[in-house]
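Each residue of the sequence shown is one higher than the last, beginning at 428 in the numbering used here. By construction, the Cβ of each residue, glycine as well, lies at the ideal position given by its N, Cα and C atoms. Please read these numbers as outputs of a predicted model, since none were measured by experiment. Remarks on the structure that follows.
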Amino acid sequence: FRDKSWKSTDDLNQKVEYANNYETNSTIKHHQSRTVENTIINKTISTNHIKNKKLLGTVEDLTNPVHKYYHLAKKKKIKNGFKYYCQCSRRRVFISLCFPILLSIIIGIIILIILLNKSKVTTITPSPIAILRWNTTGITLFGTTGIRGNTSQQFYSPFGLAFDSLSNLYVGDRYNHRIQKCNIITLTCTTIAGQANAVKGTNMSYLNGPTYVYIDSNDNLYIADSDNYRVQFWSYGASYGKTIAGITGSSGSALNQFSIPYGIALDSNSNTVYISDYNNHRVMKYLSGSSSGTIAAGGNGFGTNNTKLYRPAGLILDSSTNSLIIANFGASNIVRWVLGDNKWTIVQGDPNGLNGNTSTFLDHPTGITYDPMGNLYVADMFNHRIQMYEVGQTNGTTIAGISGKLGNNSTMLYYPVSVILDNQLNLYVSDSFNQRIQKFVRY
428 FRDKSWKSTD
438 DLNQKVEYAN
448 NYETNSTIKH
458 HQSRTVENTI
468 INKTISTNHI
478 KNKKLLGTVE
488 DLTNPVHKYY
498 HLAKKKKIKN
508 GFKYYCQCSR
518 RRVFISLCFP
528 ILLSIIIGII
538 ILIILLNKSK
548 VTTITPSPIA
558 ILRWNTTGIT
568 LFGTTGIRGN
578 TSQQFYSPFG
588 LAFDSLSNLY
598 VGDRYNHRIQ
608 KCNIITLTCT
618 TIAGQANAVK
628 GTNMSYLNGP
638 TYVYIDSNDN
648 LYIADSDNYR
658 VQFWSYGASY
668 GKTIAGITGS
678 SGSALNQFSI
688 PYGIALDSNS
698 NTVYISDYNN
708 HRVMKYLSGS
718 SSGTIAAGGN
728 GFGTNNTKLY
738 RPAGLILDSS
748 TNSLIIANFG
758 ASNIVRWVLG
768 DNKWTIVQGD
778 PNGLNGNTST
788 FLDHPTGITY
798 DPMGNLYVAD
808 MFNHRIQMYE
818 VGQTNGTTIA
828 GISGKLGNNS
838 TMLYYPVSVI
848 LDNQLNLYVS
858 DSFNQRIQKF
868 VRY
């Protein structure tokens, strides 16, 4: 018995029976006998538990109470051994199941962060450049071609154009002495300033030869009441105006006078108004509430050199460069005058004041405007065309009218004096001698 090893379950059963017989006849102390019996017969080591398992040790060990019996491979202790093994197995199963799930969650979070960051970058990417192309056949929105009149749908030399916040188009109806508000959807016009019956006057509810009109963010009107030599402020919905610059009926060159005010620009941050003083060859600056102005550009006589202006007309304030963009009508060019400087730099046209009808020349430009991309549009009056200059380019493109040719059909213009764009970049033109407002649709 002591010389044989335990190699199988059958051997073990035989040895258990042998041990029982041996115990009866043995002189081993009682406590050793009980230890062997308890160790062998203990229910925690049943035949099922040790089936097909290799046991460590021999029956000789049964006589040694200090040894631990029936050790199975991968078990350190018989006590709670199976429970320990199951718990380890459960942990391994749990980890094997959870690890892929956890890894998937982490990967998902990383992908989400990447997508969100990519989305943030996209939001600051500049919008695609609009296709700048217009139908060369105009649509007559308002007025009757070649026929002047003073009904609500007629004009007598339409001049300046401006849009309000609701996309209503305002027209300086010069020799009808009024400002017309025109709905581009219903194609109807009403008189918003001056007299509907085309009567001129000098009091606060009348106008006399208004040209350019400017509309602020609150839809208030600033009107160049040219032949009254003043600029009128007309609050939204008001039936009369207020003189904010000039002296009614008094033409002059003093700092509180004009000799035909034309273009108007507004610094909305300070309510400072800039006004083209056409026959005084200067641009005046009026602070809010001031009755007298200061010279912002020109003012030292007319001329074509870069320290002088020559009958300035259309006007834009470029706040990004703190400068004025001026349609220098008499010199046939567009110039930039930085505020506080004493000279201009050329924007478009000939710097020496030469006129022409090629793509690099202008001939007495009047109205000017910019689109949101920074392209410049010019009413090239004596060339009977509208020129568009892309940013950084000195060659203009004729987008309405025919260079050097006047006419009254739908593809021609006759002394265009003002140009403006709507929010879809459709083009609107004051075709002054044709007594109409033309629309050229962008496509």
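Inter-segment contact for the region 732-742 and the region 758-776 is present: three or more beta-carbon pairs are separated by less than 8 angstroms. Annotation: the region 586-639 contains the following complete segments of the beta strand (DSSP E) (minimum length 3 residues), in chain order: 596-600, 605-610, 615-621. Asparagine 562 places its beta carbon 8 angstroms or farther from that of tyrosine 816. Annotation for methionine 839: His811, Gly828, Ile829, Lys832, Leu833 place their beta carbon closer than 8 angstroms to its own, counting only its chain and skipping 5 residues before and after. Secondary structure within the region 802-860: the beta strand (DSSP E) runs of 3 or more consecutive residues, fully enclosed, are 803-807, 812-816, 824-828, 843-848, 854-858 (chain order). Excluding sequence positions up to five before and after threonine 618, its CB lies within less than 8 angstroms of the CB of Ser579, Arg605, Ile606, Gln607, Lys608, all in the same chain and listed in chain order. For proline 799, no beta strand (DSSP E) segment is defined, and its DSSP state is neither H nor E. Taking the Cα positions, glycine 621 is about 8 angstroms away from serine 666.
A distance below 8 angstroms separates the beta carbons of threonine 572 and asparagine 861. Per DSSP, asparagine 755 is one residue of the beta strand (DSSP E) stretching across 750-755. Partner residues in the beta bridge of lysine 712, as assigned by DSSP, are Tyr701, Thr721. Counting the other CB atoms within 10 Å of its CB gives arginine 709 a total of 16 or more, which places it among the buried residues.
Annotation for valine 805: Pro792, Ile795, Gln814 place their beta carbon closer than 6 angstroms to its own, counting only its chain and skipping 5 residues before and after. Between the region 670-686 and the region 641-648, the count of Cβ pairs shorter than 8 angstroms is below three; the stretches do not touch. Per the coordinates, the alpha-carbon of glycine 599 lies some 59 angstroms from the alpha-carbon of isoleucine 538.
Per DSSP, asparagine 784 lies in no beta strand (DSSP E) segment and is marked neither H nor E. In the three-state DSSP reduction, phenylalanine 526 falls in the helix class (H, G or I). Under the three-state reduction of DSSP, isoleucine 795 is assigned to strand.
Bridge pairing for leucine 766: absent [DSSP].
When secondary structure is reduced to three states using DSSP, serine 677 falls in the strand class. Here asparagine 835 has Thr572, Gly573, Tyr841, Asn861 as same chain residues with Cβ atoms under 7 angstroms from its own Cβ, once five neighbours each way along the sequence are excluded. Short of 7 angstroms from the beta carbon of alanine 740, and not among the five residues preceding or following it, lie these beta carbons of its own chain, in chain order: Tyr689, Gly690, Ser703, Tyr705, Ala754, Phe756, Thr793.
Distance from the CA of aspartate 652 to the CA of isoleucine 540, rounded to the nearest whole angstrom, comes to 60 angstroms.
Around the beta carbon of threonine 638, a 10 Å sphere encloses 16 or more other beta carbons of the protein chains shown; the residue is thus reported as buried.
Asparagine 655 places its beta carbon less than 8 angstroms from that of asparagine 635. Apart from the 5 residues on each side of it in sequence, arginine 575 sits with its Cβ closer than 6 angstroms to the Cβ of Tyr583, Gln862 in its chain, given in chain order. Pairing asparagine 779 with leucine 789 gives a Cβ-Cβ distance that is not under 8 angstroms.
Secondary structure at aspartate 694: strand, using DSSP grouped into helix, strand and coil. Assignment of aspartate 643 by DSSP, reduced to helix, strand and coil, places it in the coil class. For the 8 angstroms CB-CB criterion, alanine 589 and isoleucine 642 form a contact.
Here serine 750 has Arg763, Trp764, Val765, Leu766 as same chain residues with Cβ atoms under 7 angstroms from its own Cβ, once five neighbours each way along the sequence are excluded. According to the DSSP assignment, alanine 557 belongs to no beta strand (DSSP E), since it is labelled neither H nor E.
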